[in-house]
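A quick write-up on the structure given underneath.
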Amino acid sequence: MKVIVLNTSPRKAWNTAKLLKSAAEGAKSTGAEVEYIDLYDLHFTGCRGCMLCKRKNVERCHCYWKDDLSPIIDKIFSADTLLIGTCIYLGRPTSGYFALIERLHFCSLSYDDYSNYFKGKINVGFFVSMNATQTFYDQLYKDQFEAYAKELEMFNGKVCLYPCYDTLQVSDYAKFSMGSFDERKKKAAHEEHFPKDLENAFRIGQALS
Ligand SMILES: Cc1cc2nc3c(=O)[nH]c(=O)nc-3n(C[C@H](O)[C@H](O)[C@H](O)COP(=O)(O)O)c2cc1C
C-alpha cells in the first residue's frame with residue numbers, strides 16, 4: 001500500500017503537521033509505504049489553463065505543466081491512500097490547498113461528458129486544524145468543510161474528515177497582540193484535546209491504509 005501524506009499548512013512543525021505525522025505513523029504501523037510532503041516547500045501555482053490535459057489521445061489524470069506539483073499529482077493518482085491536512089485560513093482551506101485541488105480536479109475531469117477520468121480508488125483522510133471551537137465550527141464552517149470533503153470523493157474511496165478545534169497558534173501569546181485569545185484557556189484546551197486528536201489521527205491513518 002502506498003500512502004501520500006500532504007501538509008498544506010505553510011507551517012512545517014505545528015498543528016496540521018503534527019496531526020499528519022501521527023496519521024503517517026498510523027499508516028506505517030500497517031506496513032504501508034509512506035511519503036510525507038510539505039506542499040509549501042514546492043514551487044507551483046494553481047491551474048494555468050494550458051489545456052494540455054484535454055488534448056486528444058493524451059494520458060489522463062496527469063498535469064502537463066512543468067513545475068514541482070505535477071510529479072506530486074502523479075504520485076497522488078498512483079497512491080492507495082491520501083492523508084491531507086490544511087488549517088483554516090479566513091474560513092477556508094489554505095490557498096495552497098486550493099491550488100492543488102484545482103490542478104488535481106481539472107486533469108481528471110472529462111470535457112467530453114464531465115465524467116471522472118480517474119477510475120482507481122484512493123482513501124482520503126482530510127485533517128483540518130483551526131482556532132475555532134467545536135461550537136463555532138459547527139455553526140460556521142461544518143457545512144462548507146463537509147462540501148470540501150465531498151469534493152475528495154473524486155478519488156472514489158472512503159473520505160474521512162477530521163476537524164481539530166481550538167489549536168494553539170503560538171507558544172507564547174503574551175508576545176503577540178492577540179488579545180481575543182485567553183492563553184490560559186487555549187493551553188488548557190490544547191492539553192486536554194490535542195493528545196486525543198493525535199491518537200485519533202493515528203487511528204485514521206491506520207484504518208485508511
Ligand atoms: C492567515 C490566517 C488565517 C486564519 N483564519 C482562521 C479562521 O478563519 N478560522 C479559524 O478557526 N482559525 C484561523 N486561523 C488559525 C489557524 O487555522 C490555526 O491556528 C491552525 O491550527 C494553524 O495550523 P498550523 O499550526 O498547522 O499552521 C488563521 C490563521 C492564519 C495564519
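1 is the number of the first residue of the sequence shown in the UniProt record's numbering; add one for each residue after it.
For each residue, glycine too, the CB sits at the ideal point set by N, CA and C.
Candidates the options: closest to residue i by CA position
i	options	result
residue 107	180, 160 and 154	154
residue 167	105, 7, 1 and 19	19
residue 117	1, 199, 60 and 24	60
residue 46	95, 62, 124 and 115	95
residue 80	136, 36 and 120	120
residue 22	170, 134 and 125	125
residue 165	16, 8, 12 and 7	16
residue 198	5, 137, 24 and 92	24
residue 157	110, 170, 105 and 82	82
residue 159	136, 30 and 127	127
residue 133	181, 72 and 148	181
residue 162	171, 169, 170 and 149	149
residue 99	146, 58, 9 and 14	9
residue 204	11, 12 and 28	28
residue 93	44, 129 and 71	129
residue 86	73, 78, 11 and 70	11
residue 68	43, 53 and 194	43
Residues that DSSP places opposite residue i in a beta bridge
i	result
residue 37	6
residue 82	4 and 124
residue 161	126
residue 15	Residue 15 is not bridged to any residue.
residue 156	122
Any non-hydrogen atom of ligand 1 closer than 7 Å to residue i Cβ
i	result
residue 130	yes
residue 167	yes
residue 135	no
residue 90	yes
residue 9	yes
residue 81	no
residue 14	yes
residue 24	no
residue 17	yes
residue 50	no
residue 214	A query on residue 214 cannot be resolved here, the shown segment of the chain reaching from 1 to 209 and no further.
Any non-hydrogen atom of ligand 2 within 7 Å of residue i CB
i	result
residue 50	In the structure on display, ligand 2 does not appear, and the ligands it does have are ligand 1.
- Item | Secondary structure, alpha helix (DSSP H): runs of 4+ residues fully inside the segment 86–151 | 95–107 and 142–151
- Message: Across the segment 133–144 and the segment 167–184, are there enough close Cβ pairs to call them in contact, namely three or more that are closer than 8 Å?
- Response: no
- Between the segment 184–193 and the segment 33–42, do three or more beta carbon pairs fall short of 8 Å? no
- Query: Could you give the uninterrupted runs of the beta strand (DSSP E) lying entirely in the segment 18–74, keeping only those of 3 residues or more?
  - Reply: 33–38
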